Amino acid sequence: MDILQSVEIWLKLIKKPQPYVDPNLDPVLLVPGIAGSILTAVDDQNGKEERVWVRILGANYKFRTKLWSRFDPSTGRTESLDPNTTIKVPGGRYGLGAIDVLDPDMIVGRDCVCYFHDMIVEMLKWGFQEGKTLFGFGYDFRQSNRLQETMDRLAEKLELVYEASGGKKINVISHSMGGLLVKCFMGLHSDIFQKYVKNWIAIAAPFRGAPGYIASTFLNGMSFVDGWEQNFFISKWSMHQLLIECPSIYELMACPHFHWQHIPLLEIWMEKEGCDGYPRTILESYRPGNCIDIFKEALSGNTVDYNGEMIPLPFNLEILKWVKETQKVLSHAKVPSGVKFYNIYGINLETPHSVCYGSEETPVTNIQDLRFFQPKYICVDGDGTVPAESAKADGLHAEARVAVPGEHRGILCEPHVFRILKHWLRAGEPDPFYNPINDYVILPTAFEMESHHEKGLQVTSLKEEWEIVTKDQDDLDDTVSSRKPLVSSISVSQGGSNKHSLRSEAHATVIVHPQNEGKQHVELNAISVSVDA
Numbered sequence: 170m171d172i173l174q175s176v177e178i179w180l181k182l183i184k185k186p187q188p189y190v191d192p193n194l195d196p197v198l199l200v201p202g203i204a205g206s207i208l209t210a211v212d213d214q215n216g217k218e219e220r221v222w223v224r225i226l227g228a229n230y231k232f233r234t235k236l237w238s239r240f241d242p243s244t245g246r247t248e249s250l251d252p253n254t255t256i257k258v259p260g261g262r263y264g265l266g267a268i269d270v271l272d273p274d275m276i277v278g279r280d281c282v283c284y285f286h287d288m289i290v291e292m293l294k295w296g297f298q299e300g301k302t303l304f305g306f307g308y309d310f311r312q313s314n315r316l317q318e319t320m321d322r323l324a325e326k327l328e329l330v331y332e333a334s335g336g337k338k339i340n341v342i343s344h345s346m347g348g349l350l351v352k353c354f355m356g357l358h359s360d361i362f363q364k365y366v367k368n369w370i371a372i373a374a375p376f377r378g379a380p381g382y383i384a385s386t387f388l389n390g391m392s393f394v395d396g397w398e399q400n401f402f403i404s405k406w407s408m409h410q411l412l413i414e415c416p417s418i419y420e421l422m423a424c425p426h427f428h429w430q431h432i433p434l435l436e437i438w439m440e441k442e443g444c445d446g447y448p449r450t451i452l453e454s455y456r457p458g459n460c461i462d463i464f465k466e467a468l469s470g471n472t473v474d475y476n477g478e479m480i481p482l483p484f485n486l487e488i489l490k491w492v493k494e495t496q497k498v499l500s501h502a503k504v505p506s507g508v509k510f511y512n513i514y515g516i517n518l519e520t521p522h523s524v525c526y527g528s529e530e531t532p533v534t535n536i537q538d539l540r541f542f543q544p545k546y547i548c549v550d551g552d553g554t555v556p557a558e559s560a561k562a563d564g565l566h567a568e569a570r571v572a573v574p575g576e577h578r579g580i581l582c583e584p585h586v587f588r589i590l591k592h593w594l595r596a597g598e599p600d601p602f603y604n605p606i607n608d609y610v611i612l613p614t615a616f617e618m619e620s621h622h623e624k625g626l627q628v629t630s631l632k633e634e635w636e637i638v639t640k641d642q643d644d645l646d647d648t649v650s651s652r653k654p655l656v657s658s659i660s661v662s663q664g665g666s667n668k669h670s671l672r673s674e675a676h677a678t679v680i681v682h683p684q685n686e687g688k689q690h691v692e693l694n695a696i697s698v699s700v701d702a
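The opening residue of the sequence shown carries number 170 in my numbering; numbering runs sequentially from there.
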């Protein structure tokens, strides 16, 4: 008995401390983008369930046999080719389990299958609690972003979160294509959105499409990881055959009616017969609305072998009709009164915008051969997947739009983004001086102003000082501290009634001191002299 009591006491001593919980926080619902939810295949005959996205062992085989699909225009659903399989999203941990680490079994290269993991960990530190103030919404990313089944599930989720948190309105945080899903819901069910949602924060959303990325996806497929990790995942060809039948991919095409600063193009170096009968090479360019015929021709012979049956998978014009209705929903969506919208988008990375196939030396001779050519990209600024121009063109009334240097998926792990979210969610100690747009804090440290009036002269002097504090300065070179202060001056004068007299004059000097331990001191000294009229 004494031994048991000793063990009990020991277990209590080593028990992990309870995590910090802030009961005053408003709930958060995380909504991922394409391929950001775990998918499981349920055998309708025996009820057996297995993970098909993401997995390592047998990944390609399970992907082809369980996830390959066909679009049904009568329902708008993409149905698995296996008639005995139903695709589901696991609901563990209040929806967070499906959007946290997409392959929980993976040890080596685990970072490449983390989705909202880092953000969830960070939010738990701020006092959020799973099932009380932190929830997730995973979904079948093959489907259209306006599929009624998905809309119904999201409506149910919002109501559940609202009730679980004691009737508090919700902060919805979406990433990538999840932003289109949320915008579709807002457009179709504005009343429900207004009832349950307090703030919507969209991160890296392709509001006007991801032109270069999607154009090459239709012709060459898509890989969700780079480098050696590709060996453990689905091949680009297998992914290509799935995405051809996914309305969600078609909904990410470049918006043809958007006034692009630089119009995204599909360019092809083609070999054609000239007037003289000799072959010549010309560069053909196609705008977003004119690419369809190229996709149709290039994929006209595309087929897959499914259990010995050759199934044609051309560019799907029925999906295209469906997508036109989705675009109408997105274009008419408005933020309901009482709801605040925020937009965070990635910058500073070369991002595919236009795509070019072939070259002057190696032209394309047959459009159906485009699938075997490697695309070359003409890039613009963005997050590596979504151009900044597309991500910030939300077409909504926004409280703020903030550009953050970062990669499309990696932006979910950025400390800068965490700091912005913490500020907008009012988590932790408030920081009234924080500026999310530039990610720094400006602290006023001194302010003095004096004014004297004597014998028709008005003399005013001003002295103001600030400290600029930013977390991004820790990695700067040590030589920064040895630099000299930057001094800048300006003088302004205003003439009097004649050219020989001055009515007023002002002089100001700004001194910016070198940074030291993440702090930068700024001084302003100004003086003005004016003559009474």
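Each residue gets a CB set at the ideal place from its N, CA and C atoms; glycine is no exception. Predicted model only: the values in this text are computed from it and were never measured.
Just reading off the beta strand (DSSP E) that residue 481 is part of, what are its end residues?
Taking the first residue of the sequence shown as position 1, residue 481 is located at position 312. Run containing residue 481: 478-481, per the beta strand (DSSP E) assignment.
Length of the line joining the Cα atoms of residue 481 and residue 471:
Mapped onto the sequence shown, residue 481 falls at position 312. Mapped onto the sequence shown, residue 471 falls at position 302. Computed Cα separation, rounded: 6 Å.
How is residue 509 classed by DSSP in three states: helix, strand or coil?
Within the sequence shown, numbered from 1, the residue matching residue 509 stands at position 340. Residue state, collapsed to three classes: strand.
Are the beta-carbon atoms of residue 527 and residue 437 separated by less than 8 Å?
Position 358 of the sequence shown holds residue 527. Position 268 of the sequence shown holds residue 437. In contact: residue 527 and residue 437 (Cβ atoms closer than 8 Å).
Between the C-alpha atoms of residue 265 and residue 220, what's the straight-line distance to the nearest angstrom?
Here residue 265 is taken as the residue at index 96 of the sequence shown, counted from 1. Here residue 220 is taken as the residue at index 51 of the sequence shown, counted from 1. Approximately 16 Å, taken between the alpha carbons.
List the endpoints of the continuous beta strand (DSSP E) containing residue 436.
Counting from 1 along the sequence shown, the entry for residue 436 is found at position 267. Per DSSP, residue 436 belongs to the beta strand (DSSP E) from 435-442.
Proximity winner among 580, 663, 231, relative to residue 476 (alpha-carbon distances):
Numbered from its first residue, the sequence shown carries residue 476 at position 307. Of the listed residues, the one whose Cα sits closest to residue 476 is 231.
Short of 7 Å in beta carbon distance, which residues of its chain neighbour residue 499, apart from the five on each side in sequence? Order them along the chain.
Translated into the one-based positions of the sequence shown, residue 499 becomes position 330. Cβ neighbours of residue 499 beyond the five flanking positions: 349, 352, 353, 356.
Report the three-state DSSP secondary structure of residue 215 (helix, strand or coil).
Here residue 215 refers to the residue found at position 46 when the sequence shown is read from its first residue. Here residue 215 sits in coil by DSSP.
Using beta-carbon positions only, say whether residue 316 and residue 188 come within less than 8 Å of one another.
Looking up residue 316 in the sequence shown gives position 147. Looking up residue 188 in the sequence shown gives position 19. No, they are not a contact pair.
Out of curiosity, what's the CA-to-CA distance linking residue 209 and residue 263?
Within the sequence shown, numbered from 1, the residue matching residue 209 stands at position 40. Within the sequence shown, numbered from 1, the residue matching residue 263 stands at position 94. Roughly 17 Å separates the two Cα atoms.
How long is the line joining the alpha carbons of residue 248 and residue 460, rounded to whole angstroms?
Taking the first residue of the sequence shown as 1, we reach residue 248 at position 79. Taking the first residue of the sequence shown as 1, we reach residue 460 at position 291. Taking the straight line joining both Cα atoms gives about 27 Å.
Extent of the continuous alpha helix (DSSP H) to which residue 363 belongs
Within the sequence shown, numbered from 1, the residue matching residue 363 stands at position 194. 359-365 is the extent of the alpha helix (DSSP H) around residue 363.
Are there three or more Cβ pairs, one per stretch, closer than 8 Å when the segment 408-418 is compared with the segment 427-447?
no
Host beta strand (DSSP E) of residue 302 (start-end):
Your numbering for residue 302 matches position 133 in the sequence shown. Element bounds for residue 302: n/a, residue is neither H nor E.
Would residue 196 pass as a contact of residue 326 if the rule is Cβ separation under 8 Å?
Numbered from 1 along the sequence shown, position 27 holds the residue referred to as residue 196. Numbered from 1 along the sequence shown, position 157 holds the residue referred to as residue 326. No, the pair does not count as a contact, with Cβ atoms beyond the cut-off.
For residue 475, report the span of its beta strand (DSSP E) as first-last.
What you label residue 475 is simply residue 306 of the sequence shown in a count that begins at 1. First-last of the beta strand (DSSP E) with residue 475: 472-475.
If I'm right that residue 339 touches residue 228 with Cβ under 8 Å, what's the distance once you round it to whole angstroms?
One-based indexing of the sequence shown puts residue 339 at position 170. One-based indexing of the sequence shown puts residue 228 at position 59. Actually they are not in contact, since the Cβ atoms of residue 339 and residue 228 sit about 35 Å apart, beyond 8 Å.
Tell me, to the nearest whole angstrom, how far the beta carbon of residue 268 is from that of residue 199; I am working on the premise that it is less than 8 Å.
As a position in the sequence shown, residue 268 is number 99, starting the count at 1. As a position in the sequence shown, residue 199 is number 30, starting the count at 1. About 6 Å; that satisfies the 8 Å criterion.
Please determine, among 489, 490, 632, 435, the residue with the shortest C-alpha to C-alpha distance to residue 704.
Absent from the model: residue 704. The displayed extent of the chain is 170 to 702, so no value can be given.
Quick one, are the C-beta atoms of residue 211 and residue 272 less than 8 Å apart?
If you number the sequence shown from 1, residue 211 lands on position 42. If you number the sequence shown from 1, residue 272 lands on position 103. Contact flag unset, no.
Starting from residue 546, follow the beta strand (DSSP E) in both directions and report where the run begins and ends.
Taking the sequence shown and counting its residues from 1, one reaches residue 546 at position 377. Per DSSP, residue 546 is one residue of the beta strand (DSSP E) stretching across 545-551.
For my contact list, residue 513 and residue 370 are in at a C-beta cut-off of 8 Å; report their separation, rounded to the angstrom.
Looking up residue 513 in the sequence shown gives position 344. Looking up residue 370 in the sequence shown gives position 201. Confirmed, Cβ separation roughly 7 Å.
I'd like the list of long-range same chain contacts for residue 621, defined as Cβ closer than 7 Å, with 5 residues on each side in sequence excluded.
Looking up residue 621 in the sequence shown gives position 452. Once the five neighbours on either side are set aside, the close Cβ partners of residue 621 are 628.
Residue closest to residue 517, alpha-carbon to alpha-carbon, out of 506, 503, 580, 504:
Walking along the sequence shown from the start, residue 517 turns up at place 348. Among 506, 503, 580, 504, the Cα nearest to that of residue 517 is on 580.
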